[in-house]
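**Student:** Numbering (the working numbering), first residue to last: 14 to 506. Backbone N, C-alpha and C fix where the C-beta goes; we use that ideal spot for every residue, glycine too. Owing to the predicted nature of the structure, the values given are computational and were not obtained by experimental measurement.
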Amino acid sequence: MTDPVLSPPDRRTDKSRWVALLVLSLVQLMDVLDGTIINIALPSAQAELGFTQDNREWLVTGYALTYGSLLLFGGRLADRFGRLRLLFVGLTGFAVSSAVGGAATSFEMLLSARIGQGLFAAALAPAALSLVSVTFANNPSERGKAFAVFGAVSGMGGAIGLTAGGVLTDQLSWRWCLYINVAIAAVAVLGTLLFVRDRGGVPGDSSSRSIDFAGAVLIAGGLGGIVFGLGNSAVDGWEAPATWLPVLGGGLLIAAFVAREMRAEHPLMPLSVILDRNRGAAYLGIAISGVGSFAVFLYLSYFLQQALGYSATAAGFAFLPFAGALVIGAGISGSALLPRFGPRPIIPAGCLASAASLLLLTRINLDTEYVTGVLPAILLAGFGTGLIFGSAQNVATSGVASSRSGVASALVNTMQQVGGAIGLALFTYVSATATDRYLSGHGGQQAQALAALASYHAVFWVAIGVFVVGAVITAATFRSGTIDLNEEAAPAH
14 MTDPVLSPPD RRTDKSRWVA LLVLSLVQLM DVLDGTIINI ALPSAQAELG
64 FTQDNREWLV TGYALTYGSL LLFGGRLADR FGRLRLLFVG LTGFAVSSAV
114 GGAATSFEML LSARIGQGLF AAALAPAALS LVSVTFANNP SERGKAFAVF
164 GAVSGMGGAI GLTAGGVLTD QLSWRWCLYI NVAIAAVAVL GTLLFVRDRG
214 GVPGDSSSRS IDFAGAVLIA GGLGGIVFGL GNSAVDGWEA PATWLPVLGG
264 GLLIAAFVAR EMRAEHPLMP LSVILDRNRG AAYLGIAISG VGSFAVFLYL
314 SYFLQQALGY SATAAGFAFL PFAGALVIGA GISGSALLPR FGPRPIIPAG
364 CLASAASLLL LTRINLDTEY VTGVLPAILL AGFGTGLIFG SAQNVATSGV
414 ASSRSGVASA LVNTMQQVGG AIGLALFTYV SATATDRYLS GHGGQQAQAL
464 AALASYHAVF WVAIGVFVVG AVITAATFRS GTIDLNEEAA PAH
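1) State whether the stretch 118-127 contacts the stretch 383-393, with contact taken as three or more CB pairs (one from each stretch) at a distance under 8 Å.
2) Thinking residue 303 and residue 169 are a contact (beta carbons under 8 Å), I'd like their distance in whole angstroms, please.
3) Assuming contact is defined by CB atoms lying nearer than 8 Å, are residue 96 and residue 140 in contact in what I supplied?
4) Indicate the three-state DSSP secondary structure (helix, strand or coil) for residue 358 in the structure shown.
5) For the alpha helix (DSSP H) containing residue 61, name the first residue and the last one.
6) Where does residue 185 fall in DSSP's three states?
7) Just the Cα atoms here: how many angstroms apart are residue 199 and residue 284?
8) Considering Cα atoms alone, identify which of 407, 55, 406 is closest to residue 189.
9) With distances taken between CB atoms, is the gap from residue 346 to residue 436 smaller than 8 Å?
10) What does the alpha-carbon distance come out to for the pair residue 251 and residue 478?
11) Beta carbon of residue 306: closer than 7 Å to some heavy atom of the ligand SAM?
12) Identify whether residue 281 lies in helix, strand or coil by the three-state DSSP scheme.
13) What does a CB cutoff of less than 8 Å around residue 177 pick up in its chain, not counting 5 residues either side in sequence?
14) Can you tell me the Cα-Cα spacing of residue 334 and residue 319, whole angstroms?
15) Is it the case that the Cβ atoms of residue 53 and residue 175 are separated by a distance below 8 Å?
16) Just how far apart, CA to CA, sit residue 197 and residue 133?
17) Can you give me the start and stop residues for the alpha helix (DSSP H) that residue 446 sits inside?
18) With three or more C-beta pairs closer than 8 Å as the rule, is the stretch 232-247 touching the stretch 68-82?
19) By how many angstroms is the C-alpha of residue 294 removed from the C-alpha of residue 490?
20) Who are the near neighbours of residue 110 in its chain, counting only those whose CB is closer than 7 Å to its CB and skipping five residues on each side?
21) So, helix, strand or coil for residue 491, using DSSP?
22) Taking all protein chains shown into account, decide if residue 89 is buried (16 or more other Cβ within 10 angstroms of its Cβ) or exposed.
23) Looking only at its own chain, which residues have a Cβ that is under 6 Å from the Cβ of residue 339, when we skip the five neighbours before and after it?
24) For residue 33 and residue 207, what's the separation of their Cα atoms in angstroms?
25) Less than 7 Å between C-beta atoms, sequence neighbours within five positions excluded: which residues of the same chain meet that for residue 392?
26) Along the chain, which unbroken stretches of the alpha helix (DSSP H) at least 4 residues long are found entirely within the stretch 224-287?
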C-alpha cells in the first residue's frame with residue numbers, strides 16, 4: 014500500500030507548489046520570530062512569575078542550547094524518516110510546548126516549555142528548508158524565486174518578532190507571545206496536509222537509512238558547549254571558567270566529530286556537503302549575517318528605547334522598514350542576480366551593504382531623528398541582509414542529493430544559531446568594555462546616557478569589521494560564474 018504522504022506528486026500538487034512554499038515560509042517565520050518575540054515578553058513574565066534575572070537568562074539559553082545542539086540530528090532524522098513526517102512532529106510539538114509556556118505558573122514550567130520549543134524547532138526548521146529545496150529542485154529559475162521568498166522570511170522574522178512582541182505584550186499579555194505559535198502551527202499543519210508533498214520521498218539508499226548516533230552525541234555536545242559558554246560570557250565575562258571551559262570542551266568535541274565523520278561508513282554529516290567551495294562560502298555568509306545582525310537588532314533597539322524614549326511597540330514598528338527592504342533585496346538577489354551572475358558578487362555585496370548601514374549608525378547621537386538618522390541605515394541593513402539570505406540559502410542546499418537535503422538544511426540553521434551566539438557574546442563584551450572605559454574618564458548628569466551611546470558606537474564599528482572581513486572571505490571563496498542549482502541524482506560518498 015502506498016503511503017499517501019509520500020506518493021509521487023500529481024498535477025494538482027504540482028500546480029500548488031507555490032502555495033506549499035507559502036506554507037513552509039509560514040513555518041520558517043514561526044521559527045525565526047520566536048527568537049525575538051520572546052525577548053520582548055520576558056520582562057513581563059519575570060514580573061508576574063517572580064523569577065530572578067539569572068533565571069531569565071536561562072529561558073533564552075535553554076532554548077538556544079536545545080535548538081542549536083540538535084539541529085544536525087534533526088536534519089538527519091528528516092533524511093531518515095521523511096521530511097514531511099518530521100515537519101508534522103515538529104509543528105505539533107512546538108505548538109504543545111508553546112501552549113504549556115503560555116499557561117506557565119512557575120519558572121520551572123516556563124523553562125521546560127522553552128526547552129521543548131528548542132527540541133521541536135530543531136526538527137521542523139531543517140525539514141521545512143529541505144522541503145523547499147526538493148520541491149523546487151529541477152527548475153533553477155523557480156528555485157531562485159522560491160529561495161528569494163524563503164530567504165526574505167528568514168531575514169525579516171526578527172523584525173516582525175520585535176513588532177509583534179511589543180504589540181502583544183502591551184495590548185494583551187506576555188503569554189500571547191507564546192500562544193500565537195499555537196495559531197500559526199495550526200494553520201501550518203492544515204496547509205501542509207493540503208499542499209505540501211515530500212517530492213524527494215524517503216531515501217532508499219543504505220547511507221540514508223543509517224544514523225550515526227555517536228556522531229550525533231559528539232556534535233550535540235560540541236555545539237551545546239559552545240552555545241552555553243558563549244551565553245555565559247554575556248554574564249560572567251570571558252575570563253570565567255563557566256565561559257571558556259564549555260567553549261573549549263565544545264571545540265574539542267567538534268574536532269572529535271569531524272575526525273569521526275572522516276572515517277565513518279555512514280556519517281551524520283558527510284563532509285562533502287560542507288567542503289564544497291560554494292556551499293561552504295554560503296554557510297559562512299549565513300554565519301556572518303547571524304553575527305552582524307545582533308548589532309542592528311539588539312543595540313539599535315536599545316538606542317531607540319533608552320536614548321530616544323520609544324516604547325517596545327514603537328521600537329518594533331521602527332524596524333518594519335527593515336522587513337520591506339529585505340524583501341526587495343532577497344527578491345533581486347535570488348530571482349534576478351543569482352541565476353545570471355552566481356553568488357560571488359552578490360553575498361559580498363550584501364555584506365558591504367550591511368557594513369555601510371552600520372557606518373551610518375556610528376553617527377547617531379542623543380539628538381538623532383528617526384527619519385534622517387536611523388531609517389536610512391535600517392533600509393540599507395534590510396537590503397544587505399536580503400542580498401545575503403536570498404542567495405545563500407539557495408546555494409547552501411543546491412547540488413545536494415535528496416537523501417542529504419535535511420543535513421544540508423540543518424547546517425543553514427546551525428550557522429545562523431552559532432553566528433547569533435557569537436554575535437551576542439562578542440557585542441556584549443564590546444559594549445560593556447566601552448561603557449566602563451567611558452565612565453572611567455567622564456562624569457556629569459549625562460554620563461550614563463553618553464556611555465551607552467559610546468557602547469553602541471563601539472558595537473557598530475566592530476560589526477562593520479565583521480561584515481567587511483566577511484565580504485573579503487566570501488569573495489575569495491566563492492567560485493566565479495553561475496552555478497548549477499539542481500539537485501544531484503545521487504549522494505556523494
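**Tutor:** If we stick to the structure as given:
1) The answer is no - the stretch 383-393 does not touch the stretch 118-127, with fewer than three Cβ pairs under 8 Å.
2) For the purposes of this step, residue 303 is taken as residue 290 along the sequence shown, with counting starting at 1. For the purposes of this step, residue 169 is taken as residue 156 along the sequence shown, with counting starting at 1. Beta-carbon to beta-carbon, residue 303 and residue 169 are separated by about 14 Å, too far to satisfy the 8 Å threshold.
3) Reading the sequence shown from its first residue, position 83 is the one you call residue 96. Reading the sequence shown from its first residue, position 127 is the one you call residue 140. Their beta carbons are under 8 Å apart, which means residue 96 touches residue 140 by this criterion.
4) Here residue 358 refers to the residue found at position 345 when the sequence shown is read from its first residue. Per DSSP, reduced to three states, the secondary structure at residue 358 is coil, with no helix or strand assignment.
5) Translated into the one-based positions of the sequence shown, residue 61 becomes position 48. 30-62 is the extent of the alpha helix (DSSP H) around residue 61.
6) Residue mapping note: residue 185 aligns to position 172 of the sequence shown, counting from 1. In the structure shown, residue 185 sits in coil (DSSP, three-state: anything other than H, G, I, E or B).
7) The residue you call residue 199 lines up with position 186 of the sequence shown. The residue you call residue 284 lines up with position 271 of the sequence shown. Going from the Cα of residue 199 to the Cα of residue 284 covers about 36 Å.
8) Translated into positions along the sequence shown, residue 189 becomes position 176. The candidate whose alpha carbon is nearest that of residue 189 is 55.
9) Taking the sequence shown and counting its residues from 1, one reaches residue 346 at position 333. Taking the sequence shown and counting its residues from 1, one reaches residue 436 at position 423. No, these two residues do not count as a Cβ contact at 8 Å.
10) For this step, residue 251 is matched to residue 238 along the sequence shown. For this step, residue 478 is matched to residue 465 along the sequence shown. As the crow flies, the alpha-carbon of residue 251 is around 21 Å from that of residue 478.
11) Of the ligands one can find in the structure shown there are none, so the ligand SAM has no counterpart to examine.
12) Counted from its first residue, the sequence shown places residue 281 at position 268. The answer is coil: DSSP assigns residue 281 none of H, G, I, E or B.
13) In the sequence shown, the residue the question calls residue 177 occupies position 164. Result list for residue 177: 46, 50, 190, 193, 329, in chain order.
14) In the sequence shown, counting from the first residue as 1, residue 334 sits at position 321. In the sequence shown, counting from the first residue as 1, residue 319 sits at position 306. Roughly 20 Å separates the two Cα atoms.
15) As a position in the sequence shown, residue 53 is number 40, starting the count at 1. As a position in the sequence shown, residue 175 is number 162, starting the count at 1. Residue 53 places its beta carbon less than 8 Å from that of residue 175.
16) Translated into the one-based positions of the sequence shown, residue 197 becomes position 184. Translated into the one-based positions of the sequence shown, residue 133 becomes position 120. Taking the straight line from one Cα to the other gives about 15 Å.
17) Here residue 446 corresponds to residue number 433 of the sequence shown, with the count starting at 1. Judged by DSSP secondary structure, residue 446 falls within the alpha helix (DSSP H) whose first and last residues are 418-454.
18) Yes, they touch.
19) Within the sequence shown, the letter at position 477 stands for residue 490. Within the sequence shown, the letter at position 281 stands for residue 294. Linking residue 490 to residue 294 through their CA atoms gives a straight-line distance of about 6 Å.
20) Stepping through the sequence shown from its first residue, residue 110 is reached at position 97. Cβ within range, chain order: 126, 129, 130, 133.
21) For the purposes of this step, residue 491 is taken as residue 478 along the sequence shown, with counting starting at 1. DSSP places residue 491 in the coil class of the three-state scheme, outside both helix and strand.
22) On the sequence shown, residue 89 is found 76 positions in, with the first residue counted as 1. So residue 89 counts as buried.
23) Start at 1 with the first residue of the sequence shown, and residue 339 comes out as number 326. Apart from sequence neighbours up to five positions away, the residues of its chain that approach residue 339 with a beta-carbon distance below 6 Å are 165, 168, 169, 395, 398, 399, ordered along the chain.
24) If you number the sequence shown from 1, residue 33 lands on position 20. If you number the sequence shown from 1, residue 207 lands on position 194. Approximately 9 Å between the Cα atoms of the pair.
25) Against the sequence shown, residue 392 aligns to sequence position 379. Same-chain partners within the cutoff: 334, 338.
26) Listed in chain order, the complete alpha helix (DSSP H) runs (minimum 4 residues) inside the stretch 224-287 are 226-249, 254-276.
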